[in-house]
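Chemist:
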Amino acid sequence: MLKLLLRRFLFLIVTLFAVSVTVFAISELAPGDMATNVLGNTITPDQRASFNAQNGLDQPALTRYRRWMLGSDREAARLIGAPVDRFYDAENNQTGWWVGGSEGTIYRHRSEDGETILQLERDTLPDGKLGPSRIVTLGDEIWVTNDEGEEIFWGVNEDGRAAMWIRGLNQSEERLTRAGWISTAGAPSAYIPLQKGLLRGDPGISLITRQPVIDTLVPRLLNTLFLAGIAFVIIMPLALFLGVIAGLYEGRPLDRILSVGGLIATATPEFASGVFLIVIFAVWLGWFPGAVVIPPGTSIFEQPQMLILPIMTLMLVELGYVLRVTRASMSEVLRTNYIRTAVLKGLPYWQVIWRHALRNALLAPITVIMLHINWLIGGIVVVETLFGFPGLGSYVLASALNNDVFALQAATMILVVIAVVSQLLADLIYVYLNPRIRYT
Amino acid sequence: MATAEQTAGDQLPSPPATSTSRWQRLGAQLGLFRRSRIALVGLCLVGFWVVVALFADNCLVTPACYAGIVRGDDITTWATSDEYRSWLSRYSPVEQFRGRTREGPSWDHWLGTDTRGRDIWARLAHGSRLILTLAPISVMVALLVGGTLGLLAGYYGGMVDEVTMRILDAIIAFPQILLYLVIIASFGASATNVLIAITIAGAPGIARLVRGLTLDIKTRDYVAAAQTQGERSWYIMVFEILPNARGPIIIDSMLRVGYAVFSIGTLGFLGLGLPPPSPDWGSIVQAGRSSIQAGRPWEALWGSLAIAMVVVGLNLIADGMSEETRRYR
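Next up, the structure:
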């Protein structure tokens with residue numbers, strides 16, 4: 197048992213590693229230039245070069261994979277010689293990286309000519325806010341001579357990236373700001389985009405919104421878990437119940453209706469059944485809203501009636517599937533010798549069903565349900581898109597369509613972790629429930 | 030797809046063919062539709078769209094239109110060419126009727142018009158071709174890839190088996206929708222990429238099924254006989270094992286074609302299908318989605334209905350088939 201557990205766990209780790217490499221590789225191998233995909237094909241070569249350098253896209257794939265998984269802040273802190281961390285700036289509503297001083301002051305750097313470095317200083321106030329900024333001109337002593345004999349300085353630039361200036365090298369860079377592209381002088385020669393890494397819960401900055409991916413990801417994940425959770429809690433008992441009924445009355449009209457109905461419900465793609473439901477319940481009958489519209493500042497929890505149709509859509513697809521598995525399992529169990537024995541020795545019908553058949557019959561569906569979470573994820577992407585629900589599924593799709601690579605990678609990884617872990621759980625539950633395996 | 034493995038995997042390979050003629054056997058196969066009402070309903074649903082796909086334009090009766098296809102005529106030329114109209118679909122799928130957008134069903138436009146004033150029926154009819162060719166082809170490619178891997182893994186066993194199956198397990202662990210998203214988002218939306226995505230997603234399941242069947246059939250006497258006779262491994266795999274594994278594989282493929290239609294539709298709906306103005310059913314639903322709330326649900330409704338018909342039909346046929354084999358066991 198323990199050996200099996202270990203084996204499965206090891207396999208889980210290997211799978212996740214393989215998946216992370218695959219996700220990374222596929223998005224890396226994408227034809228065309230990432231900068232062009234994100235920014236459009238009107239950018240100049242200079243802009244492209246700056247964009248690639250600033251986002252670390254000019255680095256070798258291995259370096260980028262390492263930074264993506266494990267983060268780049270330690271590497272940067274070593275070069276800078278001081279810790280770096282994220283601080284929230286309430287005025288601009290932005291979280292950014294700063295060099296975090298020990299005495300409650302944080303720093304960023306800028307240069308206008310590549311010769312002198314200006315240091316932006318802000319105090320971190322006790323209430324978590326940041327104080328007003330001061331600008332200090334740094335002296336000559338900051339420059340360090342590197343192996344090539346150049347005088348260099350590592351700091352964090354105004355965009356929150358670790359950057360290296362070379363003294364006397366006055367080059368320009370193209371920066372994409374909210375106002376559009378601007379060209380600035382005194383640019384750094386190398387950058388490290390700062391992130392803590394996926395394993396430490398920071399998959400980087402979105403290329404589209406330029407906000408940390410994690411800030412969008414977490415609320416959306418919660419929304420999705422809420423939606424899927426409710427659906428799951430409603431579907432499962434219902435599907436198991438109907439499946440058992442169908443199995444008990446195998447071949448009779450009730451069973452035919454349930455199982456053919458289940459087949460039709462499962463086979464119909466989510467977007468199609470969703471459209472049917474919207475047309476019937478939102479357009480013709482006008483009972484429930486046909487789209488999820490959430491005014492800013494409110495949460496989905498305040499308007500549960502908006503969730504009815506999305507949940508029903510998810511239900512239709514899942515219900516039929518679980519129902520059919522349960523039915524097959526039940527009818528199989530009912531044909532076994534031990535059930536015949538129980539019936540023949542004169543046990544009451546319901547006792548045979550309840551004590552002997554049901555326990556064995558539910559074994560298969562319970563594991564299948566867990567394995568089916570993979571499937572549920574697909575349904576969620578479609579349902580969220582159809583209803584405009586702000587969850588992880590629609591986020592994955594939006595980032596895929598916008599070529600927001602870091603967001604796509606992160607969201608994909610989260611969903612894969614959910615899927616793989618649920619598969620592991622399925623195995624464990626199966627082993628736990630099935631004494632024939634448990635005791636070998 | 031879990032369903033496919035579930036239903037198809039628990040059947041034993043069909044018994045070796047008896048000495049009946051090919052036609053008799055085909056007749057016996059078709060008898061399925063006489064005996065199973067479910068399969069017959071499925072056949073009608075799918076058959077309807079097959080007929081529509083065949084007669085959506087006049088290519089079957091006017092050979093001139095083949096020339097257009099061979100030339101690789103752009104889809105936009107459909108708007109002007111008369112060969113692309115038939116008794117079944119009076120308009121071309123890209124012809125726009127100005128001022129007649131988002132209409133409901135009428136005598137002129139049987140199912141109404143879409144947001145750009147195009148005839149919905151014409152679009153669905155031409156879209157049926159896309160989906161009814163792309164889905165079987167992609168399943169065939171997946172069958173080729175998955176079947177080969179499964180045969181090799183099952184027949185040779187040992188390391189080959191272990192390594193292949195572990196890799197395939199990892200792919201199966203990956204939610205398919207994400208596979209599609211990542212592949213198509215990275216490589217762009219086109220028929221080829223949709224095909225590749227469906228192959229990658231489907232092959233592992235097929236490989237698993239074929240491997241299981243191979244492991245079973247490998248132990249039969251006729252395989253041992255062939256081995257003793259000194260037949261080569263590939264010959265045994267292709268001519269001894271594969272034909273005897275075909276029953277479950279056929280049922281599984283039927284489900285997979287249904288699932289491929291499902292996937293192609295979903296991809297189209299998500300905006301990852303064939304690029305416009307191609308009359309892809311999923312894209313039709315996506316395009317009509319915004320008009321539903323305005324009380325003009327026709328475009329989305331008909332698109333959904335069409336795709337549901339085909340998928341449900343294929344599933345019903347597969348269900349009837351597996352019911353049938355179960356009965357004879």
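For the record, the sequence lines run as chains B and U.
Under my numbering, the first residue of the first sequence carries the number 197, and numbering increases by one thereafter.
Under my numbering, the first residue of the second sequence carries the number 30, and numbering increases by one thereafter.
Glycine included, C-beta positions come from ideal geometry on N, C-alpha and C.
Beta-carbon of valine 440 (chain B) versus every beta-carbon of chain U: anything under 8 Å?
Modeler: Taking Cβ atoms only, chain U never reaches closer than 8 Å to valine 440 (chain B), which makes this a no.
Chemist: Thinking just about the alpha-carbon of each residue, which of B:Met360, B:Gly382, B:Tyr284 is nearest to the one in proline 408 (chain B)?
Modeler: B:Tyr284
Chemist: What are the residues of the stretch 207-226 of chain U that lie near chain B, defined by any Cβ-Cβ distance shorter than 7 Å?
Modeler: If the cut-off is 7 Å between Cβ atoms, the stretch 207-226 of chain U has Leu207, Leu210, Val211, Ile212, Ala214, Ser215, Phe216 near chain B.
Chemist: What does DSSP give as the partner residue(s) for tyrosine 517 (chain B) in the beta ladder?
Modeler: According to DSSP, which records beta bridges pairwise, tyrosine 517 (chain B) is partnered with nothing at all.
Chemist: Could you check whether the Cβ of alanine 358 (chain B) sits closer than 8 Å to any Cβ belonging to chain U?
Modeler: Not an interface residue.
Chemist: Please classify tryptophan 139 (chain U): does DSSP put it in a helix, a strand, or coil?
Modeler: coil
Chemist: Quick check: the stretch 284-293 of chain B against the stretch 346-359 of chain B, are there 3 or more CB pairs under 8 Å?
Modeler: yes
Chemist: Can you say whether alanine 33 (chain U) is buried or exposed, counting buried as having 16 or more other CB atoms within 10 angstroms of its CB?
Modeler: Here alanine 33 (chain U) scores only 43 on pLDDT, less than 50, and its place in the model is too uncertain to base an answer on.
Chemist: Going along the stretch 50-74 of chain U in order, which residues come within less than 8 Å of chain B, judged by CB to CB distance?
Modeler: Answer set for the stretch 50-74 of chain U: Ile67.
Chemist: Can you confirm whether the stretch 317-336 of chain U touches the stretch 141-159 of chain U when touching is taken to mean that 3 or more C-beta pairs between the two stretches lie within less than 8 Å?
Modeler: Contact annotation: the stretch 141-159 of chain U touches the stretch 317-336 of chain U, with at least three C-beta pairs closer than 8 Å.
Chemist: If the cut-off is 7 Å on Cβ atoms, which residues from the stretch 605-622 of chain B count as contacting chain U, listed in chain order?
Modeler: Thr608, Leu611, Val612, Ala615, Val616, Gln619
Chemist: Using the Cα positions of isoleucine 293 (chain U) and valine 223 (chain U), report the straight-line distance between them to the nearest angstrom.
Modeler: 7 Å
Chemist: Would a check of beta-carbon distances place alanine 289 (chain U) closer than 8 Å to chain B?
Modeler: no
Chemist: Could you give the first and the last residue of the continuous alpha helix (DSSP H) run that contains glycine 147 (chain U)?
Modeler: Note on residue identity: the sequence assigns arginine, not glycine, to residue 147 (chain U). Counting along the chain, arginine 147 (chain U) falls outside any alpha helix (DSSP H), and DSSP gives it neither H nor E.
Chemist: Once DSSP output is grouped into helix, strand and coil, what is the label at tryptophan 483 (chain B)?
Modeler: coil
Chemist: Distance cutoff 8 Å, beta carbons only. Does proline 449 (chain B) sit that close to anything in chain U?
Modeler: no
Chemist: Give the residues from the stretch 577-594 of chain B that approach chain U closer than 9 Å (Cβ to any Cβ), ordered along the chain.
Modeler: Cβ contacts with chain U: Val577, Val578, Thr581, Leu582, Gly589, Val592, Leu593.
Chemist: Express the C-alpha separation of leucine 159 (chain U) and isoleucine 200 (chain U) in angstroms, rounding to a whole number.
Modeler: Between the alpha carbons of isoleucine 200 (chain U) and leucine 159 (chain U) lies a distance of about 27 Å.
Chemist: Find the nearest neighbour of alanine 286 (chain B) within the set B:Leu200, B:Ile331, B:Ala463, B:Gly324, judged by alpha-carbon distance.
Modeler: Of the candidates B:Leu200, B:Ile331, B:Ala463, B:Gly324, the one whose C-alpha sits nearest the C-alpha of alanine 286 (chain B) is B:Gly324.
Chemist: Is the shortest distance between the beta-carbon of isoleucine 573 (chain B) and the beta-carbons of chain U less than 8 Å?
Modeler: Judged by the 8 Å Cβ criterion, isoleucine 573 (chain B) is in contact with chain U.
Chemist: When you compare the CB positions of valine 215 (chain B) and phenylalanine 203 (chain U), do they come within less than 8 Å of one another, or not?
Modeler: Taking a C-beta distance under 8 Å as the contact criterion, valine 215 (chain B) and phenylalanine 203 (chain U) qualify as a contact pair.
Chemist: Where does the unbroken alpha helix (DSSP H) through aspartate 269 (chain B) begin, and where does it stop?
Modeler: 269-276
Chemist: What span of residues does the beta strand (DSSP E) with leucine 372 (chain B) cover, start to end?
Modeler: It spans 369-373 - the beta strand (DSSP E) in which leucine 372 (chain B) sits, taken as one unbroken run.
Chemist: Answer with buried or exposed for glycine 287 (chain U), where buried requires no fewer than 16 other C-beta atoms within 10 angstroms of its C-beta.
Modeler: It counts as buried.
Chemist: Taking Cβ to Cβ, would you say valine 440 (chain B) is nearer than 8 Å to serine 469 (chain B)?
Modeler: Taking 8 Å as the Cβ cut-off, valine 440 (chain B) and serine 469 (chain B) do not qualify as a contacting pair.
Chemist: If I measure Cβ to Cβ from leucine 41 (chain U) and keep anything under 6 Å in the same chain, skipping five residues before and after, which residues do I get?
Modeler: For leucine 41 (chain U), the pLDDT reaches just 46, beneath the cut-off of 50, and the residue's location in the model is therefore unreliable, although a value from the coordinates is still provided. Nothing meets the Cβ criterion.
Chemist: Using a C-beta cutoff of 8 Å, does glutamate 135 (chain U) count as contacting chain B?
Modeler: Strictly speaking, residue 135 (chain U) in this sequence is serine, with glutamate absent from that position. No, its Cβ sits nowhere closer than 8 Å to a Cβ of chain B.
Chemist: Within 10 angstroms of its Cβ, does phenylalanine 370 (chain B) collect 16 or more other Cβ (buried), or is it exposed?
Modeler: This sequence places glutamate at residue 370 (chain B); phenylalanine is not what is there. Glutamate 370 (chain B) is buried by the Cβ-count criterion.
Chemist: Rounding to the nearest angstrom, what Cα-Cα distance links isoleucine 431 (chain B) and isoleucine 569 (chain B) in this structure?
Modeler: A straight-line Cα-Cα distance of about 13 Å links isoleucine 431 (chain B) and isoleucine 569 (chain B).
Chemist: Would you please verify whether the beta carbon of valine 168 (chain U) is less than 8 Å from any beta carbon of chain B?
Modeler: no
Chemist: Which residues in chain U have a C-beta closer than 7 Å to the C-beta of serine 495 (chain B)? List them in chain order.
Modeler: Correct list: empty, because the minimum Cβ distance to chain U is about 22 Å.
Chemist: Should tryptophan 264 (chain B) be counted as a contact of the ligand GTP given a C-beta to heavy atom distance under 7 Å?
Modeler: Looking at this structure, you won't find the ligand GTP or any other ligand, since it has none at all.
Chemist: Would you mind sorting proline 44 (chain U) into buried or exposed? The rule is 16 or more other CB atoms within 10 Å of its CB.
Modeler: Any answer about proline 44 (chain U) is weak, because its pLDDT of 49 lies below 50 and its placement is not dependable; what the coordinates show is given next. Result: exposed.
Chemist: Distance check for leucine 74 (chain U) and glycine 176 (chain U), CA to CA, integer angstroms please.
Modeler: 29 Å
Chemist: Look at the alpha carbon of leucine 197 (chain U) and the alpha carbon of valine 219 (chain B), and state the distance between them as a whole number of angstroms.
Modeler: Distance between the alpha carbons of leucine 197 (chain U) and valine 219 (chain B): 16 Å.
Chemist: If you run the structure through DSSP and keep just helix, strand and coil, what is valine 488 (chain B)?
Modeler: coil
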